Amino acid sequence: MSNSDTAPEILRTVDGQPLKEALTRASRSARIRAFLLVLPLLVFVLLTFVVPIGQMLSRSVVDEKFSENMLQLGAWFAENDSLIPDEAAYAALVADLKVASAQRSAGNVGTRINYELPGTRSMFTSAARRADEMAPPFKEAMLAQDPKWARPDLWAAMRSASAAATLNFYQAALDRQIGADGTFEAAPENVQIYVKLFIRTFVLSVVITGLCLLLGFPIAHLLATLPLRYASLLMILVLLPFWTSLLVRTTSWMVLLQGQGVINDLLVWAGIVGDDGRLEMMYNQTGTIIAMTHILLPFMILPLYSVMKTIPPSYARAARSLGATSWTTFRRIYLPQTVSGIGAGGILCFILAVGYYITPALVGGADGTLISNQIAFHMQKSLNWSLAAALAAMLLASVLVLYWAYDRMVGIDNMKLG
Amino acid sequence: MKKLLILSTALGALSLPAVAQEVNVMGWGGAYSISQVEAYHKPFTAKTGVKVVSIDADNPATPIKAQVDAGNVTFDVASVEFADAVRFCDEGLLEIIDPAILTPAPDGTAAMDDFLPGTVTECFVATDVFATVIAFDATKYAGMESPSTMADFFDLTKFPGKRGARKNAKVLLEMALVGDGVPTSEVYATLRTEEGVERAFAKLDAIKSEIIWWEAGAQPPQLLADGEVAMTVAYNGRIFNANVTEGKEFEIIWDGQVYDVEGWVVPKGAPNLQNAMDFISFSTGTEPLAKAAEWISYGPPRASSAPLVGMYQDGKTEMGPNLPTSPANLTNALFSDLEFWADRDTDLNERFNAWLLK
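Chains as they are written, first to last, in the UniProt record's numbering: chain A, 1 to 418; chain B, 1 to 358.
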């Protein structure tokens with residue numbers, strides 16, 4: 001407590017500056033130096049991670065392929081609410097197609113509408129090729145070329161595409177499409193795919209994480225309690241596959257599991273199954289689960305090990321000496337102390353599993369593929385990047401929700417990664 | 001440290017203008033890229049002194065879209081499938097290629113009359129014809145009747161066993177219809193109707209339980225070699241390669257083959273535009289196209305090239321009968337309809353994926 005009677009004397013450094021100022025200056029320069037040291041990493045992360053991912057995600061809500069090329073039609077949509085196009089609308093459409101034809105952008109326009117209504121892309125490209133020859137009345141001219149131009153759902157799709165910002169890709173990612181009357185409705189049963197795949201992805205990820213925990217827990221315990229000599233050997237056995245290329249491990253599983261593979265050959269040789277009764281362990285969900293569990297196992301073992309290493313064995317001994325059975329000791333003394341490791345390993349395995357792509361693509365067959373394979377399909381094959389971005393954003397959001405739930409239930413501070 | 005930084009920056013800046021005479025060509029890797037390097041790249045450099053840098057991609061169409069969208073194009077020529085070329089051309093992602101740069105045939109036939117009809121467009125010049133076919137291991141059918149038609153692929157009672165198929169609706173739906181007895185000339189007209197699509201899926205349903213799906217072109221020869229499948233959908237070039245380089249005895253069923261063309265495009269904003277055009281003009285000449293077909297069993301798209309194709313590099317395998325363009329192989333063949341697939345690729349594949357889940 002300072003003495004309130006006397007005015008506080010200002011402390012000064014040797015060269016007469018107030019101490020407080022000198023201290024602030026010194027600490028500020030230290031802060032700047034520290035900031036400069038992390039600056040390269042910050043710039044690196046911003047440029048290579050935050051900006052590209054942000055750009056990619058923004059594609060899920062913005063698509064300008066139609067809106068920036070169809071200006072006159074956009075203006076007509078802005079002025080008219082009606083779903084039934086009049087002559088002015090067709091005139092605007094033809095005028096825009098003329099420009100699009102000259103600028104070679106008709107394909108862009110058609111592609112955008114084709115996302116909503118499959119099979120319409122060529123209507124735009126062929127109409128654009130002939131737009132220059134068209135004469136009023138434009139409605140008749142367009143309908144003469146293709147009567148499908150009068151479809152209300154086509155005009156609804158064009159109206160919704162005339163704004164660059166759109167939620168249509170999220171609708172598509174939820175298996176919804178523009179119906180005949182122009183409003184969104186659930187897609188027919190035989191084309192619904194994404195919701196099913198999301199559910200399958202999460203169920204499989206939970207199963208794989210659970211298997212990793214079941215298999216990894218005893219190994220981590222052994223690692224933490226064995227004499228150093230054996231523990232190091234065991235550790236190498238855990239780490240060796242961890243350091244091996246993902247593709248090598250996946251293809252090794254293919255060699256082991258396939259119909260004419262090592263395991264089936266052994267079973268047939270031993271007479272356990274007949275030659276025509278070979279087990280199907282590959283190109284289905286079983287293959288995905290086995291290969292992914294093996295690949296993700298170290299991500300469970302290592303955090304568990306680092307936590308178990310810190311648990312003093314005296315606690316368990318004390319419990320036993322106080323009369324607890326070995327099961328009670330495990331359940332009430334040992335297990336609660338490993339929760340932070342289980343949480344860390346579980347979250348690592350789960351998040352990695354949710355985004356896994358190569359392994360399910362190679363061993364998953366038809367029913368073992370995950371949502372990430374569908375994202376890759378739209379990135380690389382169909383080139384509908386907006387839909388890929390919408391699917392990826394939904395995957396990211398659901399992982400964040402789970403992370404938040406974990407934080408509420410277990411507490412993220414409790415997590416120990418090593 | 002600071003000096004070093006300045007020095008290296010200055011050097012980096014200096015090294016940029018030094019790369020003047022080159023052309024960057026993006027291909028698909030593997031044996032296909034080797035054929036292009038041997039037949040096009042090396043002779044082009046020998047003739048003009050322009051260095052050709054060969055870059056590999058899983059599918060060069062993806063980087064074209066990414067780089068043109070981002071306004072930072074790093075390559076000049078790319079090898080893409082026809083359907084992607086047409087789509088990108090409509091979307092303004094490609095440079096226009098003036099057909100006047102194409103060289104006439106040795107006998108003076110104009111280039112446009114020499115190429116197969118429709119294989120040169122304003123943005124695209126074909127380099128080769130490849131086919132998706134059915135293949136099987138001849139050693140597995142030794143002494144018994146072996147499959148010979150597309151219908152056999154879908155016939156599990158006559159030819160039991162697993163089937164390999166590419167996990168994509170394209171080509172597979174056409175094959176299903178041909179296997180169901182639709183004449184090749186009517187396949188796309190049938191597929192344009194809802195009943196036709198249902199008919200194709202129904203045909204696939206018949207063998208669905210026995211199908212092992214593959215995604216990479218290298219997988220089907222492996223599946224055949226492992227005995228995992230009795231028959232598989234495959235690219236003819238991969239089957240040919242397994243036969244000549246690994247001594248396999250795989251046989252190709254040319255009946256119902258679906259052939260497609262690949263060729264050069266120039267992404268919009270290519271850094272070495274003039275070199276790119278020179279390269280395309282040179283490599284699509286009669287002789288380079290014929291030479292490429294001696295490295296991989298993809299047929300040349302120019303009529304004048306066909307008689308020039310000689311032996312495979314091993315010096316004993318005649319290339320002619322192994323090319324999709326050989327007349328005997330074209331008797332019941334289907335040219336992949338790019339307009340149809342540009343329109344329906346996404347929705348039919350979504351339906352296909354949903355069908356897989358059922």
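Backbone N, C-alpha and C define an ideal beta-carbon position, used for all residues, glycine too. From a predicted model like this one, the values you see are computed outputs, not experimental measurements.
Quick check on DSSP: helix, strand or coil for residue i?
{"i": "K98/A", "result": "helix"}
{"i": "P301/B", "result": "coil"}
{"i": "K148/A", "result": "helix"}
{"i": "M70/A", "result": "coil"}
{"i": "F130/B", "result": "strand"}
{"i": "Y170/A", "result": "helix"}
{"i": "I351/A", "result": "helix"}
{"i": "S82/A", "result": "coil"}
{"i": "T125/A", "result": "helix"}
{"i": "G179/B", "result": "helix"}
{"i": "L117/A", "result": "coil"}
{"i": "K203/B", "result": "helix"}
{"i": "G285/B", "result": "coil"}
{"i": "Y334/A", "result": "helix"}
{"i": "W28/B", "result": "coil"}
{"i": "P104/A", "result": "The sequence given here has Arg at residue 104/A, not Pro. In the structure shown, R104/A sits in coil (DSSP, three-state: anything other than H, G, I, E or B)."}
{"i": "Q219/B", "result": "helix"}
{"i": "D278/B", "result": "helix"}
If residue i and residue j are in contact, beta carbons under 8 Å, what's the gap, nearest whole angstrom?
{"i": "P324/B", "j": "N236/B", "result": "6 Å"}
{"i": "V258/B", "j": "E174/B", "result": "5 Å"}
{"i": "N233/B", "j": "R166/B", "result": "For the record, residue 233/B in the displayed sequence is Val; it is not Asn. Their Cβ separation, rounded to whole angstroms, is 5 Å, which keeps V233/B and R166/B in contact under 8 Å."}
{"i": "M292/A", "j": "T359/A", "result": "5 Å"}
{"i": "D255/B", "j": "N332/B", "result": "5 Å"}
{"i": "P147/B", "j": "F154/B", "result": "With 8 Å as the limit, P147/B and F154/B do not qualify as a contact, their Cβ atoms being about 10 Å apart."}
{"i": "G355/A", "j": "L395/A", "result": "7 Å"}
Taking just the CA atoms, how far does residue j sit from residue i?
{"i": "A390/A", "j": "V61/A", "result": "8 Å"}
{"i": "P160/B", "j": "A230/B", "result": "8 Å"}
{"i": "F66/A", "j": "N114/A", "result": "11 Å"}
{"i": "L213/A", "j": "T127/B", "result": "54 Å"}
{"i": "V307/A", "j": "T250/A", "result": "29 Å"}
{"i": "Q258/A", "j": "N373/A", "result": "21 Å"}
{"i": "P106/B", "j": "K291/B", "result": "15 Å"}
{"i": "R302/B", "j": "T74/B", "result": "30 Å"}
{"i": "S35/B", "j": "L224/B", "result": "24 Å"}
{"i": "T369/A", "j": "I208/A", "result": "14 Å"}
{"i": "A18/B", "j": "I252/B", "result": "Reliability fails at A18/B, whose pLDDT of 44 lies under 50, so the model's placement of it is uncertain and the value that follows must be treated cautiously. Cα-Cα distance, rounded: 49 Å."}
{"i": "L387/A", "j": "S245/A", "result": "31 Å"}
{"i": "W155/A", "j": "V23/B", "result": "45 Å"}
{"i": "L7/B", "j": "L37/A", "result": "Legend: pLDDT at L7/B = 48, less than 50; position of this residue unreliable, value from coordinates given subsequently. Cα to Cα, the separation comes out at about 22 Å."}
{"i": "W76/A", "j": "D69/B", "result": "28 Å"}
{"i": "A366/A", "j": "V129/B", "result": "30 Å"}
{"i": "V50/B", "j": "Q21/B", "result": "5 Å"}
{"i": "W269/A", "j": "Q55/A", "result": "56 Å"}
{"i": "K47/B", "j": "P271/B", "result": "21 Å"}
{"i": "D181/A", "j": "D86/A", "result": "18 Å"}
{"i": "W355/B", "j": "D175/A", "result": "14 Å"}
{"i": "L338/B", "j": "D345/B", "result": "10 Å"}
{"i": "D15/A", "j": "R25/A", "result": "15 Å"}
{"i": "G216/A", "j": "V206/A", "result": "15 Å"}
{"i": "A100/B", "j": "A66/B", "result": "29 Å"}
{"i": "G218/B", "j": "L335/A", "result": "Note that residue 218/B is Ala in the sequence shown, not Gly. Distance between the alpha carbons of A218/B and L335/A is about 48 Å."}
{"i": "V401/A", "j": "S314/A", "result": "39 Å"}
{"i": "T190/B", "j": "E350/B", "result": "19 Å"}
{"i": "A164/A", "j": "E64/A", "result": "5 Å"}
{"i": "A344/A", "j": "P60/B", "result": "40 Å"}
Can you name the residues of chain C whose CB is closer than 8 Å to the CB of residue i?
{"i": "D367/A", "result": "This model lacks chain C altogether; the protein chains it does include are A and B."}
Start-end ranges of the alpha helix (DSSP H) lying completely within the region 212 to 297 of chain A, minimum 4 residues | Look at the region 212 to 297 of chain A and you find these whole runs of alpha helix (DSSP H), each 4 residues long or longer: 228 to 243, 246 to 257 and 262 to 269.
For the region 206 to 240 of chain B, which residues have a CB atom closer than 7 Å to at least one CB atom of chain A, in sequence order?
-> Correct list: I212, W213, E215, D226, G227 and E228.
In chain order, what residues of the region 56 to 78 of chain B put their CB closer than 8 Å to some CB of chain A?
-> Here the close residues are D58, N59, A61, T62 and K65.
Sequence ranges, alpha helix (DSSP H) only - wholly within the region 133 to 199 of chain B, length at least 4 | The qualifying runs are 150 to 153, 172 to 179 and 187 to 191.
When you check each C-beta in the region 275 to 305 of chain A against every C-beta of chain B, which residues fall closer than 7 Å?
-> Considering only beta carbons, the part of the region 275 to 305 of chain A lying closer than 7 Å to chain B consists of Y283, in chain order.
When you check each C-beta in the region 339 to 355 of chain B against every C-beta of chain A, which residues fall closer than 9 Å?
-> Residues are counted here when their Cβ sits less than 9 Å from a Cβ of chain A; for the region 339 to 355 of chain B these are E339, F340, A342, D343, R344, D345, T346, D347, L348, N349, E350, R351, N353, A354 and W355, given in chain order.
Ignoring anything shorter than 3 residues or poking outside the region 45 to 123 of chain B, list the beta strand (DSSP E) runs there in chain order.
-> Correct list: 51 to 56 and 77 to 81.
Closer than 9 Å, Cβ to Cβ, to anything on chain B: give me those residues from the region 380 to 406 of chain A, in chain order.
-> So the list reads Q380, K381, S382, L383, N384, W385 and L387, given in the order they occur along the chain.
Determine which residues of the region 191 to 203 of chain B have a Cβ less than 8 Å from any Cβ of chain A, and write them out in chain order.
-> Per Cβ criterion, the list is empty.
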